[in-house]
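Before any comments, here is the structure.
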Amino acid sequence: MRANEVKRRWQAGEACVNGWCAIPNSFAAELMAHAGWDSLTIDLQHGLVDYQAAVTMLQAISTTATPPLARVPWIEPGIIQKMLDAGAMGIICPMVNTAEDAAKFVGACKYFPVGYRSSGPTRAVLYAGSDYIANANDEILAIAMIETTEAMDNLDAILATPGLDGVYIGPTDLALTMNAPPVLDPKDARVVAAIETIIDAANARGLGAGIHCATPEYAAKMIKRGAKLVTIASDGRILASAAAAAVKACKGDAAEAKPAGPGSAY
Ligand code: 3PY
Ligand code: MG
Numbered sequence: 080m081r082a083n084e085v086k087r088r089w090q091a092g093e094a095c096v097n098g099w100c101a102i103p104n105s106f107a108a109e110l111m112a113h114a115g116w117d118s119l120t121i122d123l124q125h126g127l128v129d130y131q132a133a134v135t136m137l138q139a140i141s142t143t144a145t146p147p148l149a150r151v152p153w154i155e156p157g158i159i160q161k162m163l164d165a166g167a168m169g170i171i172c173p174m175v176n177t178a179e180d181a182a183k184f185v186g187a188c189k190y191f192p193v194g195y196r197s198s199g200p201t202r203a204v205l206y207a208g209s210d211y212i213a214n215a216n217d218e219i220l221a222i223a224m225i226e227t228t229e230a231m232d233n234l235d236a237i238l239a240t241p242g243l244d245g246v247y248i249g250p251t252d253l254a255l256t257m258n259a260p261p262v263l264d265p266k267d268a269r270v271v272a273a274i275e276t277i278i279d280a281a282n283a284r285g286l287g288a289g290i291h292c293a294t295p296e297y298a299a300k301m302i303k304r305g306a307k308l309v310t311i312a313s314d315g316r317i318l319a320s321a322a323a324a325a326v327k328a329c330k331g332d333a334a335e336a337k338p339a340g341p342g343s344a345y
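All letters in the sequence shown, in the order written, are residues 80 to 345 by this note's numbering.
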């Protein structure tokens, strides 16, 4: 089976700089895949991506060696297994708040005896190899999002889940449950302390800790702090800011963003 390079990096103690695909388009995903990210995540939660678009995006990413991950909309075994069958090499699952949530999530990602994933890796065998089923439990990554105070309260129990490979911090949801400003790259001392607690606890158990960042500077800081997977913004955000910068570079002070509404942090 094709080796999961995210896992290899984690085993070598290295971090992955992860790209984030929210635009539901195979060419956008192909462009991202050729940009040099260590991994790419297709976002079916807050990205505008449905299953059929996600499949074509996986095919586009397959024009490179970049490992594809997927964030699913929720802890729902159906979509988790469909994304794995389509060739995702790991799943990031939102709102894993309890040990029960974690067991349900990991179980959907792994075949018997670790979990209850059903056999049928329709495209995954083409992408990852005909010996997929025998090796998938070792290569496929189950990454639980820690993004609430409830998850913080249950952190040790979640991290102890057999088969869990890593965690992924959602700073804005985490901040919401702490009554702090829901922003990426947070400065609020309580949110920063929670992020550091999660990173340290994951590293102590040999699990990978990921975090969603807005800027390359914050992402680099998180790698120094011990994160093993840092996402920088998203394809949509990078496109929007590069486009606005190009217009501004040409028009100078006359340039003016023209949002249709109040705009968004994403
Ligand atoms: C969050 O900030 O809550 C996220 O889920 C980022 O991906
Ligand atoms: Mg979130």
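Even for Gly, the Cβ is constructed at its ideal location relative to N, Cα and C.
Predicted model, so just to flag it, every value in this text is computed and none were measured.
### Task
Going by DSSP, name the residue or residues bridged to Thr310.
Asn97, His291
#### Entry: Residue range of the beta strand (DSSP E) that includes Thr120
118-122
### Task
Give me the Cβ distance between Tyr211 and Met80, rounded to the nearest whole Å; I'm assuming they're in contact under 8 Å.
5 Å
### Message
Between which two residues does the beta strand (DSSP E) holding Val246 run?
### Response
245-248
### Task
Return helix, strand or coil for Leu220, following the three-state DSSP convention.
strand
### Message
Quick check on this structure: which residue in Pro200, Pro146, Arg269 has the alpha carbon closest to the alpha carbon of Met231?
### Response
Arg269
#### Entry: Sequence-distant residues of the same chain with beta carbon closer than 6 Å to Lys327, five excluded per side
Ala334
### Message
Residues around the ligand 3PY, please: the condition is that the C-beta lies closer than 5 Å to some non-hydrogen atom of it.
### Response
Glu226, Gly249, Pro250, Thr251, Asp252, His291
### Query
Would you report the Cα separation of Leu318 and Trp99, rounded to the nearest angstrom?
12 Å
### Query
Would DSSP call Ile370 helix, strand or coil?
Look at the range of the chain in this structure, 80 to 345, and you will see that residue 370 is not part of it.
### Task
Tell me whether Pro173 counts as near the ligand MG, meaning its Cβ is closer than 7 Å to at least one heavy atom of that ligand.
yes
### Task
Measuring alpha carbon to alpha carbon, tell me which of Leu243, Asp129, Gly305 ends up nearest Ala94.
Gly305
#### Entry: Span of the beta strand (DSSP E) around Ile171
169-172
### Task
Give a yes or no on contact between the segment 213-221 and the segment 182-198, applying the rule of three or more CB pairs nearer than 8 Å.
yes
### Message
Could you give the first and the last residue of the continuous alpha helix (DSSP H) run that contains Leu205?
### Response
203-207
### Task
Grab the span of the beta strand (DSSP E) containing Ser150 for me, first residue to last.
Checking the sequence shown, residue 150 turns out to be Arg, not Ser. 147-150 is the span of the beta strand (DSSP E), which, as asked, contains Arg150.
### Query
Taking the alpha carbon of Pro173 as the point to measure from, which residue in Val185, Ile159, Met162, Trp153 has its own alpha carbon closest?
Trp153
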